[in-house]
Amino acid sequence: SASNPFQRAITRITPYLGIKKAAEAIDFYKKAFGAIEVMRLSMPDGGIGHAELRIGDCPIMLGTPCDQGPLSNPDQSPSVGLHLYVTDVDKSYNQAIAAGGIVVSEVKDQFYGDRSGTLKDPYGHLWFLATRKEDLTQEQIEQRAKEMFQQG
Numbered sequence: 004s005a006s007n008p009f010q011r012a013i014t015r016i017t018p019y020l021g022i023k024k025a026a027e028a029i030d031f032y033k034k035a036f037g038a039i040e041v042m043r044l045s046m047p048d049g050g051i052g053h054a055e056l057r058i059g060d061c062p063i064m065l066g067t068p069c070d071q072g073p074l075s076n077p078d079q080s081p082s083v084g085l086h087l088y089v090t091d092v093d094k095s096y097n098q099a100i101a102a103g104g105i106v107v108s109e110v111k112d113q114f115y116g117d118r119s120g121t122l123k124d125p126y127g128h129l130w131f132l133a134t135r136k137e138d139l140t141q142e143q144i145e146q147r148a149k150e151m152f153q154q155g
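Add 3 to the 1-based position in the sequence shown for the numbering used here, that's all there is to it.
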């Protein structure tokens, strides 16, 4: 919908924060900055798989880092990545790699409706490039996540 800043702002760069105590951070951002929670995907272990907030008209994404993920150790490595929706993620990703970007994860279809890949720029910053393929409800995303985690 037009009111969702994540879908509307195709060319906006959105910070993606890896935060070990993500649920606490969400509460802090609400109290400190008046953040509005757009969506939250809670994980079976109590962590936050993914959350989207809005402060004013600025979107912010965050989640509890996965052990294997690129934001996995916020105490010793970058805990902020930059998320960019593009028209053609395969083309944009290949262009970035050709320009000197380093593959973190290849482009693939994701359970939440995006096709995305992750790269590190030559200066150490993470970039999450994505194209929205399916507009899913929170319930559909949660169901797919549940099925994915049950499969291991």
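Glycine residues also receive a C-beta, built at the ideal position from the N, C-alpha and C atoms.
Query	Result
Inside the region 107-143 only - beta strand (DSSP E) runs reaching at least 3 residues	117-123, 129-135
Any non-hydrogen atom of the ligand COA closer than 7 Å to P62 Cβ	The ligand COA is not among the ligands present in this structure, which contains no ligands whatsoever.
Span separating the alpha-carbon of G21 from that of S119	17 Å
CB-CB length for G116 against Y19, believed under 8 Å	No, G116 and Y19 are not in contact; Cβ-Cβ is about 17 Å, not under 8 Å.
S95, buried or exposed, once every other Cβ within 10 Å from all chains shown has been counted against 16	buried
Any chain D beta carbon closer than 8 Å to A54	In the structure shown, chain D does not exist; there is a single protein chain.
Which residues DSSP lists as bridging I16, in chain order	L87
Pairwise C-alpha distance: V107 and K123	7 Å
Sub-8 Å separation of W130 and A102 beta-carbons	no
Distance between P68 and L74 (C-alpha atoms, nearest Å)	6 Å
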